[in-house]
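Numbering (the working numbering), first residue to last: 178 to 464.
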């Protein structure tokens, strides 16, 4: 199992690195589109049992087709009027509303920790669709506006929070963070994750083109510290929210698409709340 996890991780990192370093933005955009389609299917498996079958696959494929059409407009020079309108709707309404839903709604659900609910939830399914589109839009725009290093430095915020929380939790964890949702997570681990991730953002701000540098261009250092800490905390909320959905659905993983790692959602759960808010904080729109 460990060997399988390592091999899968190496392959995923190689694919991501190749897409980020490609001379054209299309490889990364197509990779993000494929991930979005898989993510929607997996989310429906968790939020609406039974919808992860043919209907879920069909919706995922339809979403991928639509996102490819939108990307073709965004990447092809001057977008058509309808593509510009979609971009405005995304940045002015979709991304802010989804961000608010993560901060208020998802956080409240995690704190409440109701894992006994069963059956389908239309609200959670619709939220899943909106969240997937929002994270795709945010990542594509940030990549087009700021480049690969910006995205890598943002992803590193999540990786730092996750790794630090894991090791600090194992070493010093005593108080459970959300025992009904994820018994292994502790307050000590979460605090360490937020501190290390915030330190990374401020340290990486010395490198031009990083997410931290973009934050400091738009706000004073103390506000950037608070923003980085908030994003690190939200990355933990994203992880816990998926754990909540899995417990409600009675599933261990979102799917088995990635051998040894579960599903796509299992790998990027922390990114879903972080990317849209990062877009808002840095103003990385391609409008």
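Backbone N, C-alpha and C fix where the C-beta goes; we use that ideal spot for every residue, glycine too.
Coarse secondary structure for residue i, derived from DSSP in three states
i, result
"residue 256", "coil"
"residue 423", "helix"
"residue 359", "strand"
"residue 389", "helix"
"residue 460", "coil"
"residue 398", "helix"
"residue 384", "coil"
"residue 236", "helix"
"residue 447", "coil"
"residue 331", "helix"
"residue 416", "helix"
"residue 403", "helix"
"residue 339", "helix"
"residue 428", "coil"
Residues near residue i by beta carbon distance below 7 Å, same chain, minus five either side
i, result
"residue 453", "272, 275, 276, 311, 312, 315"
"residue 424", "292, 358"
"residue 207", "none"
"residue 386", "323, 324, 326, 327"
"residue 375", "402, 405, 406, 409"
Which residues DSSP lists as bridging residue i, in chain order
i, result
"residue 435", "439"
"residue 353", "363"
Cβ shell of residue i (< 8 Å), same chain only, five flanking positions each side left out
i, result
"residue 360", "353"
"residue 286", "418, 421"
"residue 439", "429, 430, 431, 432, 433"
6 Å CB neighbourhood of residue i in its chain, flanking five on each side removed
i, result
"residue 349", "365"
"residue 455", "331"
"residue 459", "391"
"residue 267", "314"
CB-CB length for residue i against residue j, believed under 8 Å
i, j, result
"residue 441", "residue 216", "5 Å"
"residue 382", "residue 393", "5 Å"
"residue 317", "residue 251", "7 Å"
"residue 436", "residue 181", "5 Å"
"residue 195", "residue 202", "No, residue 195 and residue 202 are not in contact; Cβ-Cβ is about 13 Å, not under 8 Å."
"residue 334", "residue 398", "Not really, about 16 Å apart at Cβ, beyond 8 Å."
Interface flag, residue i vs chain B, CB-CB below 9 Å
i, result
"residue 209", "Any reference to chain B falls outside this structure, which holds one protein chain only."
Any non-hydrogen atom of the ligand MN closer than 8 Å to residue i Cβ
i, result
"residue 225", "The ligand content of the structure shown is nil, which means the ligand MN is not present either."
For the segment 244-307, list the alpha helix (DSSP H) runs that are entirely contained and at least 4 residues long, ordered along the chain. 258-266, 272-277, 284-289
Complete alpha helix (DSSP H) runs within the segment 194-229 (minimum length 4 residues, chain order): 203-224
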